[in-house]
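A.B. asks:
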Amino acid sequence: MDKDDDRSGSELGPYRLERLVGRGGMGVVYEAVDPRLGRKVALKILRPEVVRDPERRARFEREAKALAALKHPGIVTIHSFETIGEDTFFTMELVSGRTLGEVMRSEGAMSVSRILEIMIPVADALAAAHHRGIAHRDVKPDNIILDDGGQATVLDFGLAKLATTLFEDADDGTGATASMDMTVEGRIIGTIHYMAPEQAQGFETSPTTDVFSLGVILYEMATGTTPFPGESTVSKLSSIIKDEPRPIGEHNEALPPELERLIRRCLVKAPDRRWQTAIDVRNELEILRDELRAPPSTATAPESSSIPIESQGIGGKAFVLISLLVAVALLFGFGVGMFFMEIGEKGGMGGVASAPVENTPRSFSITGPSGYEILTSRISPDATRLALITQKNISEDRAIEDYVPGDRFHLHLRDMDSFETKLVENSQRIVCGRFSPDGLAYIFVTLPEDSKLPAKLMRLELGTDLPAVAIGTIPLGYIGRMEQIELGRGNRGFSWGKDGALTFITDKPHEVIQIDSKNGDELSKVALDFRSKELLPNEVISSLGEGLILASVSYYDERGFIQDVVWIDATTGTGGVIVEGSPYADIVHDSMVLFTKGATLYRAGYDPVDRSMTGDVSPVFTGLRTLNSWSSGKFDLASNGTLVHLPGGLQGGKRSLWRHPLNGTPVVLGIPERAFEDSIAVSARGDRILMTNTNDTNAMWDIWAGTVDPPRLRRILSFPDRDIFAGILSRDGSIAAAQINTTHPTQRSDLVVFEPTSGAEPIVLETDEIHNFFPYDFHPASGDLIYGLRNNMQETQALYQRSLDPDASPRLLLGGNAFNANASLSPDGKMIAFTSNASGVAEAFVSRYDSGALVGRVIPVSNGQADGLFWTQKATEGDLSLRFFTNGVEHVRDVALQNGGVDLGPVRISGRRLNADAAVITLDLNGQLFTVRKGENEAPAQRVEVITGRFNEDS
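As numbered in the working numbering, residues 46 to 1000 make up the sequence shown, in order.
Now the structure itself:
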């Protein structure tokens, strides 16, 4: 079996091999279909050398039967062991979810509660195997799957052996290669990072080998580092055999000594000195969990101070109440995805001291509702309720006409003394919300079903059975741009002051608007006035009282893209900087400012009179979910200092480029992973490519260009004080267009064209201080540029055409009170397709096109929402089609010019579906789909971290 062979699409006996899932030392794994039972299975074809002789094949079959006899929810089920022709293979239960390795890379160092939540079920699964005398021998994070509900399944017992056969047939002449669990042809079997010393030396193995591997995993989960570092395979093996791991306390002082002792005993070099089986490890982990749950006998706590802690295990969720009064004793130093740091001096932050040992944080996790991703989390001022804005997982059976932008957004509420997270009625399409200062009400904004209508202000009275009711409407421009909001990001939110005013800030024009929280009436509107510089409002963070709000703003200067946290007087529009170089902060007890840079939370003193930071800056913890390298993590605070945040660390920097042929399997292109964002463009033949990437040094968007085959990409345009993005290519890839944004020295947007191979200075075609330009296509004959001119406040966009002569004037193609976008000309330039929300939903349309104008009827192409719109053409017949996506599913419709008009075929589903990790997409004229996929650390947020006791008034 050649390592490069991919048999996807073929049949093996009754099984249909659908796609290659992975390769390993023992064979290759396919997702397959067993049509006899109508189910999907994982089918693992063993390499011929593994089962070359009959005796070894017989031993495989015996061990497969033993594994099949294991009935445990945490062990993948073996269905069959078969030989058809020259292929010997297993069929197994097909398990979906994230590997523990992905979770560990996403979350970093974990809290004790999180470790126990995951590893007790894992140890229990291995304990079941050890009880039957079976050792796994390749226990590692990538062989453990966590499904959406958190249930763990241990995979790939392909290296397992019956422990009772350790010394079986020792003199049969085959030596160590006779058994599948020994070395094969002199090679060490297993994964180096998680090997036990005896395994690394090729000695006999047993269930204690799995115990050592469990210890390595536990060490990494607790510290975020490996216990046995090494630059090469040899040095790694040497470290495993000879070195003792550094004490866990050096990495994470917050971990209890009981857990450190448990892990250290797993990692003892001598097998007979370790825990002997996973049964011992499971029992010790359960004892530790029970000790942490039980309050000390000398402490009593008022019933009203209890807070729920969750722990997930096999078969469901378990919740434990731990009182605030005894939480210090129970959770001493348990950080959630955090560890203390020493960070050098940062620009704009003054001196940075190492983190002091102060009131120890008490932290726990709350898992979100099943089937939903958590987008944001807020805690009520009185710390009694949690509000989660969530996004429902994509449903594959949704009809096109049922799909409305934002309709997967929902609001879930959870009382902190309850175990239930409730879906709020009438909350669909929520984008932002706030608790009232007294915590008795919650107001939120919902997107309209018709995108031309205003957004709704909904008010929910908490502690009652009354549904949320609309109290008024606001323009969408009060909270952000529609296309950003639809993606679950980019809305500016609002604050709710003690005077009852809801405060919003707008972009272009920059204004502060106050609205009555009782009836939705506008109270005031003033222009933002910072005098010294032009700022772009990002987000309203909180209310500071007396008409003041805390907000995030951004701007460009010679240093790059800069973000500050400022105070704003809602009655005058004036303001000033509180935290420079940070996009998110909040004030605690009028004496402390907490702010973020990247995934790290910092603290400093605060002077409420001067509205300024005081004293040294200290890091508190790291690990906040941070969507990309130019933003920072966010958090929310209750009045008593209780803090909530989403975990996950820095994301967005390891995205990959994929190509999906029209009738083929997606393949990743050999371009290094980068912080690809915003847009991707390809030439008509799919041979040249243009992408937007975030510059690591100044957080600016750069333009990168290159070839697809061979896959090469290099930076061609980069500016110290300007973003360049939204790039497009001409059909032959010889010319490109893009948008440039800056506030330095003044705020403006430029429409530019440039050569994507030379890196020469771009030519400015249009400039505007209010509107933004979005290029869409070049005319295939004249070379004229089709672009959109966007009014952000009104949420409208007109389409224009102009030549590439800088002195030429643009010509309006399509205006009106609608958002017209995604304009694309047919290969002969005789038809134009575009999307428009003139009907209330962004539908696809097509029309004849001649002499820079739409001609004749404008005909609907889609039956509802169309995300993206692309022309494709069959290479032989030359037939044209339009392709668009709805709910992640690709739809296609044939298009032709007949008798001077446009003729459309029926809408068809192509069979291609966007990968759940697809961040940016485009198609070439041949129908090849190019996607930028999110990195492993960008998995959806499933839980909220809650920290109490660290930011008390006296801390």
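Don't be surprised by glycine CBs; every beta carbon is placed ideally from N, CA and C. Here the structure is a predicted model, which is why all the values come from computation and not from measurement.
(1) Between Asp813, Asn836, Thr802 and Val797, which lies nearest to Phe823 when the distance is taken from Cα to Cα?
(2) Within the continuous beta strand (DSSP E) that includes Phe257, where are the two ends?
(3) Quick check on DSSP: helix, strand or coil for Glu556?
(4) Check the DSSP bridge columns for Phe105 and list the partner residues they point to.
(5) Could you give the residue range of the alpha helix (DSSP H) that holds Glu303?
(6) Can you tell me the Cα-Cα spacing of Val712 and Thr737, whole angstroms?
(7) Name the residue from Arg291, Glu303, Val689 and Ala241 whose alpha carbon lies nearest to the alpha carbon of Asp317.
(8) Give the DSSP bridge partners of Trp916, in chain order.
(9) Alpha carbon to alpha carbon, what distance is there between Leu758 and His296?
(10) Please classify Ile439 as buried or exposed, where buried requires at least 16 neighbouring CB atoms within 10 angstroms.
(11) Just reading off the beta strand (DSSP E) that Ser422 is part of, what are its end residues?
(12) Taking contact to mean at least 3 C-beta pairs separated by less than 8 Å, is the segment 487-506 in contact with the segment 517-524?
(13) Please report the residue range of the alpha helix (DSSP H) in which Pro166 lies.
(14) Phe606 and Asn471 - do their beta-carbons sit closer together than 9 Å?
(15) Starting from His296, trace the alpha helix (DSSP H) in both directions and tell me its first and last residue.
(16) What is the C-beta distance between Gly950 and Asp939, in whole angstroms, given that I count them as a contact (C-beta under 8 Å)?
(17) Which residue marks the beginning of the beta strand (DSSP E) containing Thr739, and which one marks its end?
(18) My output table needs one value for Gly590: the three-state DSSP class, helix, strand or coil.
(19) What whole-angstrom Cβ distance do Gly545 and Ser588 have, given they're in contact under 8 Å?
(20) First and last residue of the beta strand (DSSP E) that includes Arg334?
(21) Determine, using beta carbons only, whether Ile831 and Gln842 come nearer to each other than 9 Å.
(22) Should Leu581 and Asp602 be called a contact, given that it needs their Cβ atoms to be closer than 9 Å?
(23) Can you tell me whether Gln357 is helix, strand or coil according to DSSP?
(24) Among Ala863, Phe721 and Gly833, which one has its Cα closest to the Cα of Asp747?
(25) Run through DSSP, which three-state label would Thr278 get?
(26) Between the alpha carbons of Asp766 and Ile165, how many angstroms are there, rounded?
(27) In the DSSP assignment, find the unbroken alpha helix (DSSP H) run with Ser151 in it and report its ends.
(28) Under 9 Å between the Cβ atoms of Leu688 and Ile734?
(29) Please report the Cβ distance between Thr144 and Ile179, rounded to the nearest whole angstrom; I am assuming they are in contact, meaning their Cβ atoms lie under 8 Å.
(30) Inspect the beta-carbon positions of Ala729 and Thr967 and report whether they are closer than 9 Å.
(31) Counting only the same chain and skipping the five closest in sequence on each side, list residues whose C-beta sits under 6 Å from that of Leu485.
(32) Mapping the DSSP letters down to three states, classify Ala596 as helix, strand or coil.
(33) Check whether the Cβ of Arg953 lies closer than 8 Å to any heavy atom of the ligand ADP, and answer yes or no.
(34) Can you tell me which of Ile560, His555 and Gly525 puts its alpha carbon nearest to the alpha carbon of Ser10?
(35) Could you give the distance in angstroms between the alpha-carbon of Leu115 and the alpha-carbon of Glu106?
(36) With DSSP collapsed to three states, give me the class of Arg902.
C.D. replies: Let's see:
(1) Counted from its first residue, the sequence shown places residue 823 at position 778. Ranking the options by Cα distance to Phe823, first place goes to Val797.
(2) Here residue 257 refers to the residue found at position 212 when the sequence shown is read from its first residue. Counting along the chain, Phe257 falls outside any beta strand (DSSP E), though it belongs to the alpha helix (DSSP H) covering Pro252 to Thr268.
(3) Position 511 of the sequence shown, counted from the start, is the residue given in the question as residue 556. Note: Glu556 maps to strand in three-state DSSP.
(4) Within the sequence shown, residue 105 is the residue found at index 60, counting from 1. DSSP, once it has assigned bridges, lists no residue as partnering Phe105.
(5) Within the sequence shown, residue 303 is the residue found at index 258, counting from 1. From DSSP, the alpha helix (DSSP H) with Glu303 extends over Pro302 to Cys311.
(6) For the purposes of this step, residue 712 is taken as the residue at position 667 of the sequence shown. For the purposes of this step, residue 737 is taken as the residue at position 692 of the sequence shown. Each residue's Cα considered, the two are about 21 Å apart.
(7) The sequence position of residue 317 within the sequence shown is 272, counting from 1. Residue Ala241 is the option with its Cα nearest to Asp317.
(8) Here residue 916 refers to the residue found at position 871 when the sequence shown is read from its first residue. In DSSP, Trp916 forms a bridge with Leu927.
(9) As a working mapping, residue 296 is identified with position 251 in the sequence shown. As a working mapping, residue 758 is identified with position 713 in the sequence shown. Those two C-alpha atoms are separated by around 38 Å.
(10) Here residue 439 corresponds to residue number 394 of the sequence shown, with the count starting at 1. With fewer than 16 other Cβ atoms within 10 Å, it is exposed.
(11) Your numbering for residue 422 matches position 377 in the sequence shown. Its beta strand (DSSP E) spans residues Tyr417 to Ile424.
(12) yes
(13) As a first step, residue 166 is located in the sequence shown; it is residue number 121 there, counting from the start. Counting along the chain, the alpha helix (DSSP H) containing Pro166 begins and ends at Val157 to His176.
(14) Walking along the sequence shown from the start, residue 471 turns up at place 426. Walking along the sequence shown from the start, residue 606 turns up at place 561. Going by C-beta atoms, Asn471 is not nearer than 9 Å to Phe606.
(15) Residue mapping note: residue 296 aligns to position 251 of the sequence shown, counting from 1. Ile293 to His296 is the extent of the alpha helix (DSSP H) around His296.
(16) The sequence position of residue 950 within the sequence shown is 905, counting from 1. The sequence position of residue 939 within the sequence shown is 894, counting from 1. Yes, Gly950 and Asp939 are in contact; Cβ-Cβ is about 4 Å, under 8 Å.
(17) As a position in the sequence shown, residue 739 is number 694, starting the count at 1. Arg733 to Thr739 is the extent of the beta strand (DSSP E) around Thr739.
(18) Taking the first residue of the sequence shown as position 1, residue 590 is located at position 545. Reduced to three states, the DSSP call for Gly590 is strand.
(19) Working through the sequence shown from its first residue, we reach residue 545 at position 500. Working through the sequence shown from its first residue, we reach residue 588 at position 543. About 11 Å; that fails the 8 Å criterion.
(20) Start at 1 with the first residue of the sequence shown, and residue 334 comes out as number 289. That residue, Arg334, is in no beta strand (DSSP E); its alpha helix (DSSP H) goes Ala323 to Arg338.
(21) Here the question's residue 831 lines up with position 786 in the sequence shown. Here the question's residue 842 lines up with position 797 in the sequence shown. The answer is no: Cβ separation not under 9 Å.
(22) One-based indexing of the sequence shown puts residue 581 at position 536. One-based indexing of the sequence shown puts residue 602 at position 557. Not in contact: Leu581 and Asp602 (Cβ atoms no closer than 9 Å).
(23) Counting from 1 along the sequence shown, the entry for residue 357 is found at position 312. With a pLDDT of 31 at Gln357, under the threshold of 50, the modelled position of this residue cannot be trusted; read the value that follows with caution. Strand, per DSSP.
(24) Residue numbering aside, residue 747 sits at position 702 when the sequence shown is read from its first letter. Of Ala863, Phe721 and Gly833, the residue nearest in Cα terms is Phe721.
(25) As a position in the sequence shown, residue 278 is number 233, starting the count at 1. Reduced to three states, the DSSP call for Thr278 is helix.
(26) Start at 1 with the first residue of the sequence shown, and residue 766 comes out as number 721. Start at 1 with the first residue of the sequence shown, and residue 165 comes out as number 120. Their backbone Cα atoms lie some 51 Å apart in a straight line.
(27) For the purposes of this step, residue 151 is taken as the residue at position 106 of the sequence shown. Looking at the DSSP string, the run of the alpha helix (DSSP H) that includes Ser151 is Leu145 to Glu152.
(28) Position 643 of the sequence shown, counting from 1, holds the residue named residue 688. Position 689 of the sequence shown, counting from 1, holds the residue named residue 734. Taking 9 Å as the Cβ cut-off, Leu688 and Ile734 do not qualify as a contacting pair.
(29) Here the question's residue 144 lines up with position 99 in the sequence shown. Here the question's residue 179 lines up with position 134 in the sequence shown. Not confirmed; about 22 Å, so no contact.
(30) Start at 1 with the first residue of the sequence shown, and residue 729 comes out as number 684. Start at 1 with the first residue of the sequence shown, and residue 967 comes out as number 922. Taking 9 Å as the Cβ cut-off, Ala729 and Thr967 do not qualify as a contacting pair.
(31) Taking the sequence shown and counting its residues from 1, the one referred to as residue 485 is at position 440. Leu507, listed in sequence order.
(32) Here the question's residue 596 lines up with position 551 in the sequence shown. Residue state, collapsed to three classes: strand.
(33) As presented, the structure is devoid of all ligands, the ligand ADP included, so that no description of it is given.
(34) Residue 10 is absent from the structure shown; the chain starts at 46 and stops at 1000.
(35) For the purposes of this step, residue 115 is taken as the residue at position 70 of the sequence shown. For the purposes of this step, residue 106 is taken as the residue at position 61 of the sequence shown. C-alpha separation (whole angstroms): 15 Å.
(36) Taking the sequence shown and counting its residues from 1, one reaches residue 902 at position 857. DSSP places Arg902 in strand when its eight states are reduced to three.
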